[in-house]
Every structure is written in structure tokens, then in C-alpha cells.
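Asks: Protein chains in written order, with my numbering: chain B, 1 to 455; chain G, 1001 to 1455. All C-beta atoms, glycine included, are put in the ideal place defined by N, C-alpha and C. Pasting a structure below so you can have a look.
Number of protein chains: 2
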Amino acid sequence: MKTKYREFKISEITPEMEGKEVKIAGWVHSVRRVGKIAFLVLRDYTGLIQVTFRVPKDASDEEKERMKELVKKVTQIPLESVVAVKGVVRRDPRAPRGVEIAGKEIEILNEAKSPLPLDVSGKVDAHIDTRLSNRPIDLRRPESQAVLRLVSIATKAIRSYLYTLDFTEVFTPKIIASGTEGGAQMVPVFYFGKNAFLAQSPQLYKELLTSSLEYVFEIAPAWRHEESDTPYHLAEFISVDIEMAFADYEDVMKVLENVVKNVRDAFVREGSKWLEVLNYQPPEVNLPIPRISYKEAWEILKAEGIEIEPGEDFGTPELRKLSEVLEKEGKTSGGFYFIVEWPADARPFYTKRGRKEEIGGKEIYLSESFDLNWKHLEISSGSTRIHKRAELEEEMKARGLNPQSFEWYLKWFDYGMPPHAGWGMGLQRLMVPLTGIPNVRLAASFPRDMKRLVP
Amino acid sequence: MKTKYREFKISEITPEMEGKEVKIAGWVHSVRRVGKIAFLVLRDYTGLIQVTFRVPKDASDEEKERMKELVKKVTQIPLESVVAVKGVVRRDPRAPRGVEIAGKEIEILNEAKSPLPLDVSGKVDAHIDTRLSNRPIDLRRPESQAVLRLVSIATKAIRSYLYTLDFTEVFTPKIIASGTEGGAQMVPVFYFGKNAFLAQSPQLYKELLTSSLEYVFEIAPAWRHEESDTPYHLAEFISVDIEMAFADYEDVMKVLENVVKNVRDAFVREGSKWLEVLNYQPPEVNLPIPRISYKEAWEILKAEGIEIEPGEDFGTPELRKLSEVLEKEGKTSGGFYFIVEWPADARPFYTKRGRKEEIGGKEIYLSESFDLNWKHLEISSGSTRIHKRAELEEEMKARGLNPQSFEWYLKWFDYGMPPHAGWGMGLQRLMVPLTGIPNVRLAASFPRDMKRLVP
């Protein structure tokens, strides 16, 4: 689209446009002078182009003087200044895309100070803290930008796939009266003089919506006061959530693995430019992604000399070991695997209880639940949900939650809640396997964690 | 997709499937008995179907007895209970879609209590407060559900259009250190022991992103402690935001009017079923949507006997009168019109100041800004933004804001902020003209306002 300051984006300039006068705009990526010629490399988000300013031989003295001044002016523009350029397209077989611009006029739209607080050429490596503190210009670095471009491709691919299954996009409330799982991780809000919280997840609301809209999804922020400063936790993250009426955990696992595959395939199809910038090839995701039960996982760990208390959750060291074994045995799909049928007591109250089983000499109630992991990292978690009020109340009590404070949610189970199932997935977490980033913060525009409230 | 509890959605059952045994599931919409036959109307989100249970003439005594019991059982199921049905598809020319199901088995998945707190058939009109307090089952009413289905179609259409212009979807932080415009409408958050706020808009962050990603959009919640209890205000609303580098207010107005047109056209194309339920036809949106300047608007009002202090904002009564006049003169597009070039002092600090003009005998600084209205309702607001630090600081001071508390934002204007422009639009507000709802709350799944924190 042609806008006030430019007629073309840089990538739209092609050799076929030779001789055409164009107006482009962007950042001064580099500038140098060789004799009487100024070479300016202009950058916009689509690419780079060289603009050459030279004093013409066959022109009036006046024009020669003007261009001489211009060459001088161009040479003095600080890097990262914003400029608009008028010039003529010229074929140049030596140029990266076969074209350059013969510059005629330049307007400095915003002059940059120097030095910059962060090198944006990407040549100088910077610590992640420095990068995040200087995020607005860090995002001019191709590899920083690439990740956010891929995040955008991811949300597009997720939605496209869910639309094919007739899901409805919903927006559930983020200011809520009581927490999904309670606990110290809730972020308090002062709401019209009342104490409230920020939603840790759309869990209870998306469940309620299955009793009318049936298939719902949401991609929205969620909040946890994460006290652990790890590369995989954000205090504000983007949660991808689905919930389906008349489905169980096996049904929604199928949706989930297709979502992951669709994102991966969209990256290869639409995001190859950005993957190249990152020099990363996401793993191929063949379906079905292998499932192993909690019991099998527990036994593999035991055989490896790691004995977990039966019924307890696995930590990162356990998942590292487990995924190593699974990868060796070819029981992952590009590093992805499901652990299914978790011990019921280790899962949230709304998780459907399953059969009893003996694990490590203990009788354990299982549940219709799963985690999707990639290597040691939990990407998504889901389950069949309880749809009977009495069962819900029992599970709440067993976890020290007071059913009365959930009455606003429980009462609808009296009026036709369907069986349902769903999952939640951390969008930034999914970017770890699919973009190769070492830290989920790099998949957030301006990450929020324990220490970071600005920019 | 076939799931645990059903093989087909109701709308997928066609006369061509005659004789096929199917498993379907849904809610008991109505049930009656005529002689020895039970007629159950089953509902899922795709439609209704009649399931007939009758005692067969040519069957074993055992089977006859079983079906007799079944007929009795079916007749006693409370309305809105959730059931799964097995039966055989039968052509029935008298049935609405030409098919019914000869029921063979029924499983009650969740029995509903009666009476229901709200009639869901839609036959009994309920007050909006009652509806919102019973939102999980209110959304089973076709006209309630229709609005949320159309909201989902709207977000899809908005994104589709913006993708064609190469916009990147972003997620900006919702917990922020200082407000965009300050003021009493900020919702306080207690963030890791620090005082912070919920974002009223992604304004400052989306601006910063234009210096790298250039074209960005976001569809996300935003919060305002709205003390005014009107049909058009929510404390938590969905804000559709775009921001474009190298563009001015005229460029982004073009994007905005195309967004509105695309949503309207998508409703007619993909949402006709839901529009029929609402018995509403959205107005045709022909482009360009007419623009009138603040000065012209001011003069029209004066001619109508309404004299506003020159430079002041218009209120709802003024917009009602103004839009009446414009509609009479054919100067709206289906009720939509832009008011452009607002007095600079009446706009937020980041708005680009324009030329001086005489209005009502006063010299007034205008700005490169606009509102998109529909009749008396403001749908969207936008402008060219200031991209020079010194100008921003001046405008802040003029509004009693302290530039130091915006240093985290201002400092990036030293390092190559491009000229940029954008707008924000209330998604639920847009639904007023396009779905005919009288209250924006009806376009939220679980609205949040002064009084409403649950459900």
C-alpha cells in the first residue's frame, strides 16, 4: 500500500522497474563515501537497497552544486536515522537483488543520536538483558524480528486450522473473582474498590462456553506471579486455549498435535525467510505424536536409576532424562511426545478421574489427562474435564478449595453442562522448538517477568 | 470431527443418510409423548433434529419391553439435559430438514435441574441483567449466541484483511508502569510488590513497534474504570489496534474503512445464518466513508442551534443531531462518517498538531486526527502520531504529564522513530451497527462493568 512517505517497500523494487522514479523510506543501515559518490544502504522491514548519490557529469552547474551538497549531507547522516529518498531505479547486476537507486533527493525524517545503546546490525552479540532493555531497537536486529514474525505466522496457522473444525474465537474475562487453581501465583487487581485477580487461564470460562458455543478457542494474555527466574517462565504469557463439548482427552490431543504440525508446516511454507535468518530448521512433526503413560514414564525413569515418589509430578531433570531415552528409542516426533494418564491428585480439580493402577507398589488413581512435551519442556497441558457437579465439589474439597467460592461456576453444572475436554498451550513455549530460541522472553514483544515492568 | 460422544453434528445428518445408524449428542430442547411414541427434539450448536422413540410392531417381546421402557424414560428427561442418542436416519418430508432419527438408545450424560433460571427457548423475553447473570445458559438462546458467532467472524475478517497488507500480529504487555493518558480510569495491579496498571490501550507499545516491525496490529483486552453505566461502555473491552510506519492519518483511515467494510461483507457472506436469527441486516458500507472536518461539524451544529465552545469535544446529544443532519444530506455511508482534524488540545499528547484555523471566532490548533462514528456512537479514534521527541515532551507538559515518567517510551524517539499513524477500535462497539445489538455487553462473553465481576 502506498502511503504518505513511500510509494514502494524496498522488496517491491525490481530490475523491471529500471528508469522509474520512486519514493522509498526507511533507516540508514550504513553509509560511506568513495571519492565523490555517497553510498547509502537503506533498510525497511522488507530488506536492504543501496542508494547512490553522485554528481552528474552532464548537468547544469546549479544541479552539479546541489548534488555535491547532497553527497556531503548524506555522508553525515547518523546511522539508524529515518529518511525518505527519491531516486531512479537502476539495474545493477552486482547488487544483491539486481537493483540500486540513483538518489536524487533525501529527506531526513528523524535524525538518530549516536552512539546507539545497542548495535542493531547484529554483528555484535549482546546479552539478553541488554537486548530486552533496549527492545524497541533490538527488534531491528533481523534475528530478533524473525521470532516475532514467526509468532504472528503461528497464530495465523493455529486459527486457520481451528476454523476448519468450526471453532469459535472467544474473549473471556481477564479480571476474575476467584482463581482457577488458587495459590500464591495470582496477580491481584483492584477493581472498582473490590479485590480481584488477573486470570491465570481462561479455564473455567471456556468450560462454561462449551455448554452453548461447544467448540471455542482463545489466544490471549494470562498471568502468573512466577517466582522462578528461568528461561521458560513469563509473568505475562500468551495462552492458546481450546475447549470442546462432547469430546474427551484423546479427541483434543488429536486437535493439539494437528495444531503443532500446522504451525510447523506454516513456518516452512510462509516463514522460510525468517527461519533462514535464524539459521534454524524446525523438527518435522509426524502424526500421531507418540503417547506414553505416566506409568511407563515412571518405569523408564526407574530403570534409569531415577526413582520418583509414585504419583508425583516430574521435574526438569526427570524430563531431560526421559526425553533422552524416548528419543533414543525413536518414541518422539521431532522431540515431541505426550505423557498421558497422570495421577489424578497431581492435576487440577477439574480433571476427570480415571481408573486405579499400581505404580511402584502404590495404588494410584489416574486421570484422563496429558502433557505435550518437547524434550524437557512442557508445551501444553490438557484433559477430559469433570462435567458433574458432585464430582467437582469432591475434587475441590480434596484440594482444600472451598466450593462456595466457585458457586458462580459450579451452579451451571446443574443445567446441562456437556462432557468436555480441552487444553492450554503457552504460545511462547511452542516457539522454543519451532524457532530455536533459548528463552521464551524472545518470543514476547516486551516480556514481563519478576524484574521487568519496562519497557 | 468425530468425537467420543458423537459421530455427527446435527446439521451433518442429511436425507441421503437414510438407513444409517448414527450417534449424535446435544441438549433436550423439547420432549412430548403422543400415545406410545416419544418425540424428543435434540439441539446442538448446529441445529435441531427430531428423535422419535416408538415400540416396534415386529420385534421380540424383550425388545418391545425395552423400547416401552425407553419411551417412558425419554418422556421424563428434564429439558436442557445433555444426552447422547443412537438411532437410524429416516427421511421425513414433514421434518424441517427432511430427516428425523428413529431412536434406539439414549444415554443421559448430564441431567438438568428444573426449573431453569432463564428460559433458553428465546420465547420468553428476559431483562439484559437477568440474561448476563445467567450468561452460560443465556448463550444457548439463538440470538445471544448469534452475536458471539458474529464477533468471531469479525475478528477473522479483520485479520484476513490486515494480512493482505502485510501486517504482523503482536501481543503488547498488559501490565504497564504508567498510563497512556493518565487519569482516574486506570485499573491498578499489584505486580511483584510494585504498583502498576492494566493497559488502557496498547498505544505506546504499538508505536514503538513501528520502528522495527513497521505494520502491526493487535486484538486484545484493554481496561478502563468506566464510572459511567451506559449501554456503550465496558470496563474490559476488546481493542482492535493498528499502527503503521511511514503513514499518516489519511493512510490509516483508508485501512480502517476497509476493515469495517470487510467485516460487514464477511457477515453477509459467512454469517447470514446468524444475521437471520437476529433479524438484522447490517448497513451497506460504500467507500470512501464520508469525511467532515471538526470545523464543518461545529458549523452544522451551530446552524442547528447547538453552540459548542470552539475546540471542545462533542457529546452524545451533539453527535445525535450531527448524524441526523448528515444522514439527511446523504453524507454518511450506512450511518458511518469520519470527523477529521480535531482541535489538538482535545486529543491525547501523542497526536500530531496541524494548522491553525478560525472556528467560531477563535483561533484553534487542529490536529491530524479522526474519529469514525456510526450515528451517535464513536467506533474508532486515530491520528498521525508525533515522531519527534521535543514535540512529544511539549505536548505532555501542556497536559500536565511529566515526561520523566514516560522516559522508557520517549528515549526511543532519539534512535530513529519513523513517522507513523494508527487507530484503536472497540470491537464490541463495532458490533452495534453490524449486529443491531442495543448494548455492547451483548458482544462480550462475560462482560465486566462497574457492577459485574461474576460470572
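#1: What residues match up with methionine 425 of chain B in a beta bridge as DSSP calls it?
#2: Closest to isoleucine 137 of chain B by C-alpha separation, out of G:Tyr1409, G:Met1244, G:Tyr1280, would be which residue?
#3: Would alanine 196 of chain B be called buried (16 or more neighbouring beta carbons within 10 Å of its own) or exposed?
#4: Since leucine 430 of chain B contacts asparagine 373 of chain B with CB under 8 Å, what's their CB separation in whole angstroms?
#5: Is there a Cβ from chain G that is less than 8 Å from the Cβ of phenylalanine 267 of chain B?
#6: Would you kindly work out how many angstroms separate the C-alpha atoms of isoleucine 1153 of chain G and serine 160 of chain B, rounded to a whole number?
#7: Can you tell me where the alpha helix (DSSP H) holding leucine 1209 of chain G begins and where it ends?
#8: Mind listing, in chain order, the continuous beta strand (DSSP E) runs of no fewer than 3 residues lying wholly within the stretch 1157–1200 of chain G?
#9: Is it the case that the stretch 104–120 of chain B contacts the stretch 62–80 of chain B, given that we only count it when at least three CB pairs across the two stretches are under 8 Å?
#10: Bridge partners for histidine 420 of chain B per DSSP, in chain order?
#11: Go ahead and pull the three-state DSSP assignment for glutamate 1312 of chain G.
#12: Valine 285 of chain B: beta carbon under 7 Å from a heavy atom of the ligand PLP?
#13: At 8 Å on the CB atoms, spell out the chain C contacts of methionine 396 of chain B, in chain order.
#14: My assumption, with CB atoms under 8 Å, is that histidine 1420 of chain G sits in contact with glutamate 1243 of chain G. Please give the rounded CB distance.
#15: Does the distance from the CB of tryptophan 298 of chain B to the CB of glycine 360 of chain B come in under 8 Å?
#16: May I have the straight-line CA-CA distance separating proline 202 of chain B from alanine 222 of chain B, to the nearest angstrom?
#17: Given that alanine 1220 of chain G touches chain B, what residues does it touch there, using C-beta distances under 8 Å?
#18: In chain G, what lies closer than 7 Å to glycine 416 of chain B by C-beta?
#19: Closer than 9 Å between beta carbons: that is the criterion. Which residues of the stretch 1302–1334 of chain G meet it against chain B?
#20: Between the stretch 203–215 of chain B and the stretch 124–132 of chain B, are three or more C-beta pairs nearer than 8 Å?
#21: Distance check for threonine 316 of chain B and leucine 377 of chain B, CA to CA, integer angstroms please.
#22: Scan the stretch 160–192 of chain B for residues whose Cβ lies nearer than 9 Å to a Cβ of chain G and list them as they occur along the chain.
#23: So serine 1445 of chain G packs on threonine 172 of chain B, CB below 8 Å; how close in whole Å?
#24: Quick check: the stretch 1253–1272 of chain G against the stretch 1115–1124 of chain G, are there 3 or more CB pairs under 8 Å?
#25: Which complete beta strand (DSSP E) runs does the stretch 1091–1115 of chain G hold, if anything under 3 residues is left out?
#26: Can you tell me where the beta strand (DSSP E) holding threonine 1130 of chain G begins and where it ends?
#27: From the beta carbon of methionine 253 of chain B, is the nearest beta carbon of chain G less than 8 Å away?
#28: At the 8 Å Cβ level, is histidine 1387 of chain G part of the contact set with chain B, yes or no?
#29: Quick one: residues in its chain with C-beta nearer than 7 Å to the C-beta of leucine 43 of chain B, no 5 flanking neighbours on either side, listed in chain order?
#30: Looking at C-alpha atoms only, which residue of B:Lys9, B:Met17, B:Asp414, B:Ile10 is the closest neighbour of alanine 475 of chain B?
#31: Mind checking whether glycine 311 of chain B and isoleucine 364 of chain B have CB atoms under 8 Å apart?
#32: Spell out whether any CB of chain G is found under 8 Å from the CB atom of proline 403 of chain B.
#33: Which residues of the stretch 1089–1105 of chain G have a Cβ closer than 9 Å to any Cβ of chain B? Give them in chain order.
#34: Below 8 Å between beta carbons: does that hold for threonine 46 of chain B and lysine 9 of chain B?
#35: Considering only DSSP beta bridges, list what threonine 1351 of chain G is partnered with.
#36: Could you tell me the boundaries of the alpha helix (DSSP H) in which tryptophan 298 of chain B lies?
Replies: Let's see:
#1: Residue numbering aside, residue 425 of chain B sits at position 425 when the first sequence is read from its first letter. DSSP output for methionine 425 of chain B lists B:Val240, B:Ser380 as bridge partner(s).
#2: Start at 1 with the first residue of the first sequence, and residue 137 of chain B comes out as number 137. Here the closest residue by C-alpha is G:Tyr1409.
#3: Position 196 of the first sequence, counted from the start, is the residue given in the question as residue 196 of chain B. Per the 10 Å Cβ criterion, buried.
#4: For this step, residue 430 of chain B is matched to residue 430 along the first sequence. For this step, residue 373 of chain B is matched to residue 373 along the first sequence. Contact flag wrong, Cβ pair sits at about 12 Å.
#5: Working through the first sequence from its first residue, we reach residue 267 of chain B at position 267. Not a single CB atom of chain G sits nearer than 8 Å to the CB of phenylalanine 267 of chain B.
#6: Residue 1153 of chain G sits at position 153 when you count from the first residue of the second sequence. Residue 160 of chain B sits at position 160 when you count from the first residue of the first sequence. When rounded, the distance between both Cα atoms is 12 Å.
#7: As a working mapping, residue 1209 of chain G is identified with position 209 in the second sequence. Leucine 1209 of chain G -> alpha helix (DSSP H) spans 1203–1209.
#8: Segments of the beta strand (DSSP E) lying fully in the stretch 1157–1200 of chain G: 1187–1191, 1194–1198.
#9: Because the criterion of three Cβ pairs below 8 Å is met, the stretch 62–80 of chain B and the stretch 104–120 of chain B touch.
#10: Along the first sequence, read from residue 1 onward, the residue named residue 420 of chain B stands at position 420. B:Ala245, B:Arg385, per the DSSP bridge assignment.
#11: The sequence position of residue 1312 of chain G within the second sequence is 312, counting from 1. Of the three classes helix, strand and coil, the one that applies to glutamate 1312 of chain G here is coil, per DSSP.
#12: Questions concerning the ligand PLP fall outside what the structure shown contains, since it holds no ligand whatsoever.
#13: Checking the listed chains, one finds no chain C in this structure; the protein chains it contains are B and G.
#14: Along the second sequence, read from residue 1 onward, the residue named residue 1420 of chain G stands at position 420. Along the second sequence, read from residue 1 onward, the residue named residue 1243 of chain G stands at position 243. Correct: roughly 6 Å between the Cβ atoms.
#15: On the first sequence, position 298 is the one that residue 298 of chain B refers to. On the first sequence, position 360 is the one that residue 360 of chain B refers to. A distance below 8 Å separates the beta carbons of tryptophan 298 of chain B and glycine 360 of chain B.
#16: Taking the first residue of the first sequence as position 1, residue 202 of chain B is located at position 202. Taking the first residue of the first sequence as position 1, residue 222 of chain B is located at position 222. Rounded to the nearest whole angstrom, the C-alpha separation of proline 202 of chain B and alanine 222 of chain B is 8 Å.
#17: For the purposes of this step, residue 1220 of chain G is taken as the residue at position 220 of the second sequence. Per Cβ cutoff of 8 Å: Ala220, Pro221.
#18: What you label residue 416 of chain B is simply residue 416 of the first sequence in a count that begins at 1. Contacts between glycine 416 of chain B and chain G, judged by CB atoms closer than 7 Å, involve Trp1027, Glu1080, Ser1081, Val1082, Asn1110, Ala1112 in chain order.
#19: Answer in chain order: no residues at all.
#20: Too few Cβ pairs lie closer than 8 Å, so no.
#21: Sequence index remark: in the first sequence, residue 377 of chain B carries index 377 (1-based). Sequence index remark: in the first sequence, residue 316 of chain B carries index 316 (1-based). Going by the C-alpha atoms only, they are around 7 Å apart.
#22: The residues in question are Tyr163, Leu165, Asp166, Phe167, Thr168, Glu169, Val170, Phe171, Thr172, Pro173, Lys174, Ile175, Ile176, Ala177, Ser178, Val187, Pro188, Val189, Phe190, Tyr191, Phe192.
#23: As a first step, residue 1445 of chain G must be located in the second sequence, where it is residue number 445. As a first step, residue 172 of chain B must be located in the first sequence, where it is residue number 172. The C-beta separation of serine 1445 of chain G from threonine 172 of chain B comes to about 6 Å, placing the pair in contact by the 8 Å criterion.
#24: The answer is no - the stretch 1115–1124 of chain G does not touch the stretch 1253–1272 of chain G, with fewer than three Cβ pairs under 8 Å.
#25: Within the stretch 1091–1115 of chain G, the complete beta strand (DSSP E) segments of 3 residues or longer fall at 1099–1110, listed in chain order.
#26: Here residue 1130 of chain G corresponds to residue number 130 of the second sequence, with the count starting at 1. That residue, threonine 1130 of chain G, is in no beta strand (DSSP E); its alpha helix (DSSP H) goes 1128–1133.
#27: For this step, residue 253 of chain B is matched to residue 253 along the first sequence. So, not an interface residue.
#28: The residue given as residue 1387 of chain G occupies position 387 in the second sequence. Answer yes: the Cβ-Cβ gap between histidine 1387 of chain G and chain B drops below 8 Å somewhere.
#29: Walking along the first sequence from the start, residue 43 of chain B turns up at place 43. Per the sequence shown, the amino acid found at residue 43 of chain B is arginine instead of leucine. The answer, listed in chain order, is Gly26, Trp27, His29.
#30: Any property of residue 475 of chain B remains undetermined from this structure, which presents chain B solely from 1 to 455.
#31: By one-based count along the first sequence, residue 311 of chain B stands at place 311. By one-based count along the first sequence, residue 364 of chain B stands at place 364. Between glycine 311 of chain B and isoleucine 364 of chain B, the C-beta spacing is below 8 Å.
#32: Position 403 of the first sequence, counting from 1, holds the residue named residue 403 of chain B. So no, proline 403 of chain B is outside the interface.
#33: Listed in sequence order: no entries.
#34: Sequence index remark: in the first sequence, residue 46 of chain B carries index 46 (1-based). Sequence index remark: in the first sequence, residue 9 of chain B carries index 9 (1-based). Threonine 46 of chain B is a Cβ neighbour of lysine 9 of chain B, given a cutoff of 8 Å.
#35: Within the second sequence, residue 1351 of chain G is the residue found at index 351, counting from 1. Residue pairing by DSSP places threonine 1351 of chain G opposite G:Arg1385 in a beta bridge.
#36: Position 298 of the first sequence, counted from the first residue, corresponds to residue 298 of chain B. Element bounds for tryptophan 298 of chain B: 294–303.
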